[in-house]
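These protein sequence lines map, in sequence, to chains C and Y. To convert, note that position 291 of the first sequence is 333 in the working numbering; the numbers rise steadily by one, no gaps. To convert, note that position 220 of the second sequence is 468 in the working numbering; the numbers rise steadily by one, no gaps. Just so you know, even glycine gets a beta-carbon here, dropped at the ideal spot from N, CA and C.
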Amino acid sequence: MMKISLSLQLHKRFILSLLLLAVFIWSLTSIHWNSELFHAGGIPTILQIVEGLIKPNFEPSILLAGLESAWTTLAYAVAGMSLAIVYAFIVGVLASGTLTTRKFSRIISKVFFRGILGFTRSIHELIWAWLFVAAVGLSPYAAILALAIPYGGILGRIFADMLNDVPGEPIIAIKAAGSSRLQMLFYGYLPLVWADFISYTMYRFECAIRSSAIMSFVGLGGLGFQIQLALADLKYDAVWTFVFFLIALVICVDGWSHLVRKGLTDHKRKKGLGSGWISVLFATLLIAGSWIYITIGENARLFELLSEKNMEYAKTFFGGLLGINQDDSAFLDVESWVHALKLTFETLEMSIMAIGFATIVAFLTVIPAARNIANGNLTLKKNWYNLPLFGFIRLLYIFSRSVPELVWAMMIIFIFKPGLLPGALALALHNFGILGKLWAEVVEDMDPRPIRNLAAAGASRIEIFFYGILPIVLPRFLTYILYRWEVIMRTTIVVGFVGAGGLGMDFKLAMSYFDYTQITLLLLCYMILVIIADFASETTRKAVK
Amino acid sequence: MMSKTMIEAKNITKHFERKIALSSLSFSIKQGELVALIGPSGAGKTTLLNSIAGLVPLRSGQLLLDSLPLEDYKRGKKFAKKIGVIRQQFDLIGPLAVIHNVLAGKLSEWGLIKSLFSLLIPQEKELALTALERVGLRDKAYEITTTLSGGEQQRVAMARLMVQNPEIILADEPVASLDPARADDVLAMLTKIVLEEKQTLIASLHSVEYARKYFTRIISLKNGEIFFDLPTEKVSDELLKELYQLKEQD
Numbered sequence: 043m044m045k046i047s048l049s050l051q052l053h054k055r056f057i058l059s060l061l062l063l064a065v066f067i068w069s070l071t072s073i074h075w076n077s078e079l080f081h082a083g084g085i086p087t088i089l090q091i092v093e094g095l096i097k098p099n100f101e102p103s104i105l106l107a108g109l110e111s112a113w114t115t116l117a118y119a120v121a122g123m124s125l126a127i128v129y130a131f132i133v134g135v136l137a138s139g140t141l142t143t144r145k146f147s148r149i150i151s152k153v154f155f156r157g158i159l160g161f162t163r164s165i166h167e168l169i170w171a172w173l174f175v176a177a178v179g180l181s182p183y184a185a186i187l188a189l190a191i192p193y194g195g196i197l198g199r200i201f202a203d204m205l206n207d208v209p210g211e212p213i214i215a216i217k218a219a220g221s222s223r224l225q226m227l228f229y230g231y232l233p234l235v236w237a238d239f240i241s242y243t244m245y246r247f248e249c250a251i252r253s254s255a256i257m258s259f260v261g262l263g264g265l266g267f268q269i270q271l272a273l274a275d276l277k278y279d280a281v282w283t284f285v286f287f288l289i290a291l292v293i294c295v296d297g298w299s300h301l302v303r304k305g306l307t308d309h310k311r312k313k314g315l316g317s318g319w320i321s322v323l324f325a326t327l328l329i330a331g332s333w334i335y336i337t338i339g340e341n342a343r344l345f346e347l348l349s350e351k352n353m354e355y356a357k358t359f360f361g362g363l364l365g366i367n368q369d370d371s372a373f374l375d376v377e378s379w380v381h382a383l384k385l386t387f388e389t390l391e392m393s394i395m396a397i398g399f400a401t402i403v404a405f406l407t408v409i410p411a412a413r414n415i416a417n418g419n420l421t422l423k424k425n426w427y428n429l430p431l432f433g434f435i436r437l438l439y440i441f442s443r444s445v446p447e448l449v450w451a452m453m454i455i456f457i458f459k460p461g462l463l464p465g466a467l468a469l470a471l472h473n474f475g476i477l478g479k480l481w482a483e484v485v486e487d488m489d490p491r492p493i494r495n496l497a498a499a500g501a502s503r504i505e506i507f508f509y510g511i512l513p514i515v516l517p518r519f520l521t522y523i524l525y526r527w528e529v530i531m532r533t534t535i536v537v538g539f540v541g542a543g544g545l546g547m548d549f550k551l552a553m554s555y556f557d558y559t560q561i562t563l564l565l566l567c568y569m570i571l572v573i574i575a576d577f578a579s580e581t582t583r584k585a586v587k
Numbered sequence: 249m250m251s252k253t254m255i256e257a258k259n260i261t262k263h264f265e266r267k268i269a270l271s272s273l274s275f276s277i278k279q280g281e282l283v284a285l286i287g288p289s290g291a292g293k294t295t296l297l298n299s300i301a302g303l304v305p306l307r308s309g310q311l312l313l314d315s316l317p318l319e320d321y322k323r324g325k326k327f328a329k330k331i332g333v334i335r336q337q338f339d340l341i342g343p344l345a346v347i348h349n350v351l352a353g354k355l356s357e358w359g360l361i362k363s364l365f366s367l368l369i370p371q372e373k374e375l376a377l378t379a380l381e382r383v384g385l386r387d388k389a390y391e392i393t394t395t396l397s398g399g400e401q402q403r404v405a406m407a408r409l410m411v412q413n414p415e416i417i418l419a420d421e422p423v424a425s426l427d428p429a430r431a432d433d434v435l436a437m438l439t440k441i442v443l444e445e446k447q448t449l450i451a452s453l454h455s456v457e458y459a460r461k462y463f464t465r466i467i468s469l470k471n472g473e474i475f476f477d478l479p480t481e482k483v484s485d486e487l488l489k490e491l492y493q494l495k496e497q498d
């Protein structure tokens with residue numbers, strides 16, 4: 043008995059990996075694998091899309107439109123993020139419980155404010171956008187608020203976690219010096235976490251750019267709108283031009299955020315105008331510019347949102363969601379529930395397939411994509427093809443993650459018939475790049491000494507991988523898989539919008555038919571999924587530790 | 249003139265779950281004394297210091313600070329003027345500039361607005377700079393604290409204590425992570441300041457050598473009890489040997 047439990051303990055990670063693999067294979071059985079999956083014209087369409095990729099449209103009018111919509115996308119993202127930071131700061135501090143002295147009130151404030159943060163981030167930004175557009179019409183504020191609410195939820199939660207994880211000694215010392223709670227916050231907690239918080243916010247800003255781009259799919263301007271129009275006209279060459287604009291935007295933001303993070307980790311203080319202050323100045327200009335553009339350029343007024351007409355719309359809409367003045371509410375109907383739960387289950391399968399595909403591709407590519415392996419530092423071996431391969435895979439990763447799932451889905455839907463598979467593929471296409479990048483960074487951050495030791499002892503590359511690298515990185519790899527799975531779960535509903543199956547497809551239909559109570563029902567199912575995903579990944583993560 | 253009693257402990261007891269951390273300790277410490285607290289790991293040195301600092305509640309017994317019960321002090325200015333704490337170098341806010349860490353000793357006297365404003369333009373700058381001058385770090389006032397060495401950080405913590413200016417200083421292993429030269433440096437500076445300011449010092453130490461060199465009185469703890477409490481010159485090698493003896497050898 044002891045022996046079995048001991049070997050279970052020893053092979054815990056291995057067993058868990060097998061279990062996750064089995065779940066993935068099971069999810070594949072939900073698809074009928076035959077030629078029916080493709081459209082009749084699927085193959086020619088692929089060729090056309092690839093042709094467009096090789097020869098994108100660089101006509102001046104297209105470039106100009108691309109530049110303009112890129113700015114709109116950036117402005118919405120910046121404005122949304124600036125609101126999100128304010129929201130995250132206030133609610134995050136309250137949710138961390140650092141301001142409360144008594145145990146009881148601390149628990150109450152933690153549960154309450156963490157609940158708010160949890161709710162706001164569990165709903166995808168595109169759904170918020172849809173709700174806002176349905177409630178207040180097509181205003182830039184619909185996009186900005188739709189970005190600010192879920193991003194604020196995510197940032198706020200991370201902020202609260204950071205505040206809770208602050209090392210105890212400096213805080214006790216400040217407390218012992220007789221400072222008040224607020225003084226402790228400003229002299230103790232905030233200086234200790236602000237560097238990490240800014241790093242994380244910059245990383246989220248990159249995600250916000252992508253989210254802002256897809257806001258177009260509910261009718262708000264920006265790069266996504268142009269992509270959507272071009273796709274509708276079957277102008278694949280123009281589609282790629284706009285996609286390249288988006289990629290360029292993401293790369294710029296990524297580069298900036300890399301600079302900021304690097305500046306924060308190097309503690310040396312330089313005299314004069316350091317890169318930190320330039321970034322602050324740049325950020326201030328960007329925020330001011332975005333808000334000026336939105337309020338003056340797009341002539342959007344915040345108080346217009348609160349006009350009587352809009353209030354009336356909002357009242358009808360949210361009242362409808364709650365089933366007020368409706369005879370048969372879908373969320374009180376057993377049959378609707380059965381149907382919705384079936385879709386929920388399908389969505390779950392889709393998310394598992396998606397993370398499975400993404401994991402396979404990332405797993406096959408991650409080793410050559412790590413810088414310390416490519417330049418031979420880790421394994422003490424170097425081949426001529428290492429560096430070009432490294433560059434190629436990294437480029438592939440950037441390409442994969444810069445294009446939002448929704449855009450991938452819109453293209454794939456031209457090739458595959460609607461169903462779970464195209465949705466899963468779209469999600470996988472976007473996520474393998476993210477997963478690969480995160481994993482490659484894990485390998486790059488590894489302690490090189492044990493690996494070099496193995497290499498010096500004459501182990502081959504495959505042996506080094508299984509004896510040295512994999513055991514060290516596996517827990518972190520698993521953590522990232524689970525973390526991405528959570529994100530994918532939230533996004534499943536979005537790829538459904540364009541016909542990629544699951545809850546999203548029905549959600550869009552219900553929206554088009556103004557079937558409010560059906561929307562509520564689907565949102566409930568979606569939240570069940572998100573909670574399941576949170577719970578499952580949290581449990582698995584603990585098991586891996 | 250008889251100096252007044254600063255700390256008086258009457259049968260103080262502290263438990264962690266079922267383990268006894270402090271078992272009915274009694275002692276009194278007069279103003280101006282330099283007391284070293286020694287004993288094996290887990291003997292209760294840190295717990296005793298935390299109890300005096302009001303950071304952990306006692307199970308029973310009474311602690312009098314300047315003849316007032318500890319419970320009568322509310323957190324805040326009055327208490328901060330009575331007791332100050334210094335630990336290993338980990339208790340500074342790393343990402344802040346040195347001067348802000350030093351001025352944190354003033355937080356009990358400052359309101360919120362003044363303390364926030366001070367993060368932009370340091371307030372009562374001269375006070376902080378004088379304190380830094382005394383620990384020899386005046387030129388490092390505007391550097392980020394984490395960039396300083398361990399010994400320098402400990403001196404920043406001392407400058408903060410000078411700004412706070414409490415009557416009693418509790419030092420919990422103040423030199424634990426420093427090399428011998430830095431440790432000597434820090435202890436010499438700490439005891440010199442305490443004598444000049446007529447403060448009272450209680451420091452827990454892992455090294456008997458430092459206790460003998462810099463302190464006037466040694467209290468030794470073993471298993472949560474006072475093993476001996478003697479003026480430094482009366483502490484014999486035999487007593488110390490017995491103090492650090494492992495259980496198996498009893």
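Per DSSP, His263(Y) forms a beta bridge with which residues?
-> Its beta-bridge partners are Ile268(Y).
For His454(Y), which residues in chain C fall below 9 Å Cβ to Cβ?
-> None at all; the shortest Cβ gap to chain C is about 18 Å.
Identify every residue that forms a DSSP beta bridge with Gly502(Y).
-> Past the boundaries of the shown model lies residue 502(Y); chain Y is included only from 249 to 498, so the question cannot be answered.
Cβ pair Leu125(C), Ala190(C) closer than 8 Å = Yes; because the gap between Cβ atoms is below 8 Å, this pair is in contact.
State yes or no: is the C-beta of Ala257(Y) within less than 8 Å of the C-beta of Leu313(Y)?
-> No; because the gap between Cβ atoms is not below 8 Å, this pair is not in contact.
Is DSSP giving Ile369(Y) helix, strand or coil here?
-> Under the three-state reduction of DSSP output, Ile369(Y) falls in the coil class, being neither helix nor strand.
Can you tell me whether Phe247(C) is buried or exposed, with buried defined as 16 or more other CB within 10 angstroms of its CB?
-> Buried is the call here.
Nearest to Thr71(C) by CA position, among Asn414(C), Glu388(C) and Thr521(C), is which residue?
-> Minimum Cα distance to Thr71(C) is reached at Glu388(C).
Taking Cβ positions only, does Val434(Y) come closer than 8 Å to chain A?
-> The chain labelled as chain A is not found among the protein chains of the depicted structure, namely C and Y.
8 Å Cβ cutoff, Arg335(Y) in contact with chain C = Chain C contact via Cβ: present.
Using the rule of at least 16 other Cβ atoms within 10 Å of the residue's Cβ for burial, across every protein chain shown, is Leu223(C) buried or exposed?
-> This sequence places Arg at residue 223(C); Leu is not what is there. Looking at its Cβ environment, which holds fewer than 16 other Cβ atoms inside 10 Å, Arg223(C) is exposed.
Residues of chain C with a CB under 8 Å from the CB of Ala301(Y): which are they?
-> For Ala301(Y), the neighbours in chain C by C-beta distance under 8 Å run, in chain order, Ala218.
Output, in chain order, the set of chain Y residues within a Cβ distance shorter than 9 Å of Phe228(C).
-> Against chain Y, a Cβ distance below 9 Å from Phe228(C) picks out Leu360, Ser363, Leu364 and Leu367.
Simplified DSSP assignment, three categories, for Lys470(Y) | In the structure shown, Lys470(Y) sits in a strand (DSSP, three-state: E or B).
Proximity below 8 Å, CB of Phe549(C) to CB of Gly538(C) | Yes. Within cutoff.
Is there at least one Cβ from chain Y nearer than 8 Å to Lys313(C)'s Cβ?
-> Annotation note: pLDDT 46 at Lys313(C) (below 50); position unreliable, coordinate value reported separately. Taking Cβ atoms only, chain Y never reaches closer than 8 Å to Lys313(C), which makes this a no.
State the DSSP-derived secondary structure class of Ile511(C), mapped to helix, strand or coil.
-> Correct three-state label for Ile511(C): helix.
For Phe432(C), the three-state DSSP class (helix, strand or coil) | In the structure shown, Phe432(C) adopts helical secondary structure according to DSSP, grouped into three states.
Alpha-carbon spacing of Ala64(C) relative to Leu58(C), whole angstroms | Counting only the Cα atoms, Leu58(C) lies some 10 Å from Ala64(C).
Can you tell which of Leu355(Y), Ala451(Y), Gln402(Y) and Ala459(Y) has its C-alpha closest to the C-alpha of Val411(Y)?
-> The shortest Cα separation from Val411(Y) among Leu355(Y), Ala451(Y), Gln402(Y) and Ala459(Y) belongs to Leu355(Y).
For the beta strand (DSSP E) that contains Thr394(Y), what are its first and last residues?
-> Neither: Thr394(Y) is in no beta strand (DSSP E) and is coded neither H nor E.
Give a yes or no on whether the C-beta atoms belonging to Ile149(C) and Tyr278(C) are separated by under 8 Å.
-> Not in contact: Ile149(C) and Tyr278(C) (Cβ atoms no closer than 8 Å).
Kindly list, in the order they appear in chain C, the residues whose Cβ is closer than 9 Å to that of Leu355(Y).
-> Simply Ile216, Ala219, Gly220, Ser221, Ser222, Gln225, Met226 and Tyr229.
Could you list which residues in chain C have their beta carbon closer than 8 Å to that of Pro332(Y), in chain order?
-> It should be noted that the sequence gives Gly, not Pro, for residue 332(Y). The contacting residues are Ala218 and Ala219.
Given 8 Å, three or more beta-carbon pairs between the stretch 251-262 of chain C and the stretch 178-190 of chain C | Flag = yes, the stretch 251-262 of chain C and the stretch 178-190 of chain C touch.
Cβ shell of Leu136(C) (< 7 Å), same chain only, five flanking positions each side left out | Excluding sequence neighbours, Leu136(C) sits near Ser151 and Phe155.
Per-residue contacts from Leu340(Y) into chain C (C-beta, under 8 Å) | Residues of chain C passing the Cβ test: Pro212 and Ala215.
Could you say if the stretch 95-107 of chain C and the stretch 159-168 of chain C meet the contact criterion of at least three C-beta pairs nearer than 8 Å?
-> The stretch 95-107 of chain C vs the stretch 159-168 of chain C: no contact.
Of all the residues that make up the stretch 503-531 of chain C, which are near chain Y by a beta-carbon distance shorter than 8 Å?
-> Here the close residues number zero.
If you run the structure through DSSP and keep just helix, strand and coil, what is Ser181(C)?
-> When DSSP states are grouped into helix, strand and coil, Ser181(C) belongs to the coil group.
Pick from Leu297(Y), Lys252(Y), Ile255(Y) and Ser272(Y) that is closest to Pro422(Y), judged by C-alpha positions = Nearest C-alpha to Pro422(Y): Leu297(Y).
At a CB-CB cut-off below 8 Å, which residues of chain Y make contact with Leu234(C)?
-> Under the 8 Å cutoff, chain Y gives Ile341, Gly342 and Pro343.
Name the two residues that bound the continuous beta strand (DSSP E) containing Ser308(Y).
-> For Ser308(Y), the enclosing beta strand (DSSP E) starts and ends at Ser308 to Leu313.
Determine the contact status of Phe66(C) and Ile394(C), defining contact as a CB-CB distance below 8 Å.
-> Pairing Phe66(C) with Ile394(C) gives a Cβ-Cβ distance under 8 Å.
Interface residues of chain C around Lys325(Y) at Cβ under 9 Å?
-> Within chain C, the residues near Lys325(Y) are Gly220.
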